[in-house]
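Okay, structure first, notes after.
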Amino acid sequence: MPHALPASLSALHAAALADALLVLHGLFIVWVVLGALAVWRWPRLAWLHLPAAAWGVWIEWSGRICPLTPLEWRLRAAAGQGGEGRASGFIEHYLTAAIYPEGLTRELQWALGALVLLVNLALYGMAVRRRRAGRARIA
225 MPHALPASLS ALHAAALADA LLVLHGLFIV WVVLGALAVW RWPRLAWLHL
275 PAAAWGVWIE WSGRICPLTP LEWRLRAAAG QGGEGRASGF IEHYLTAAIY
325 PEGLTRELQW ALGALVLLVN LALYGMAVRR RRAGRARIA
């Protein structure tokens, strides 16, 4: 059973938290898919990116739902915005469609997980080759 939200949480605060959580969720998804680009510039970020990318692939392939999703829905319900699946504003309308697309099937989840994996394997492969080439020029 999910934890209840504090009774003192106002509708305005719940809506603001839900919007912030949705933006954070969107940024996390961008990090999962494209974070390897940042690793090119700052290789130590791989320690943050690899677990995030693995989480993203696992969530898609396991068919589970990210824990941020039900939390956002509970916040929306507390804000009187209807919770799951109801777009009520700009952020909800545009980000929700990208993060929670209608008609998301298991096959599409597998394809999305594979896409995340392939994009990251390609980017990490290019980063490793780039580093090796740089070391070869120095030696």
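The sequence shown begins at 225 in the numbering used here and counts up one residue at a time.
Don't be surprised by glycine CBs; every beta carbon is placed ideally from N, CA and C.
From a predicted model like this one, the values you see are computed outputs, not experimental measurements.
{"query": "What is the C-beta distance between A303 and A351, in whole angstroms, given that I count them as a contact (C-beta under 8 Å)?", "result": "Contact flag wrong, Cβ pair sits at about 42 Å."}
{"query": "If W255 and H237 are in contact, beta carbons under 8 Å, what's the gap, nearest whole angstrom?", "result": "In fact, because the Cβ distance is near 26 Å, the residues do not count as touching under 8 Å."}
{"query": "G280 and V343 look like a contact to me (Cβ under 8 Å); what is the Cβ gap, rounded to whole Å?", "result": "In fact, because the Cβ distance is near 11 Å, the residues do not count as touching under 8 Å."}
{"query": "So for I323, helix, strand or coil by DSSP?", "result": "helix"}
{"query": "Please report the straight-line C-alpha distance between I323 and A360, rounded to a whole angstrom.", "result": "42 Å"}
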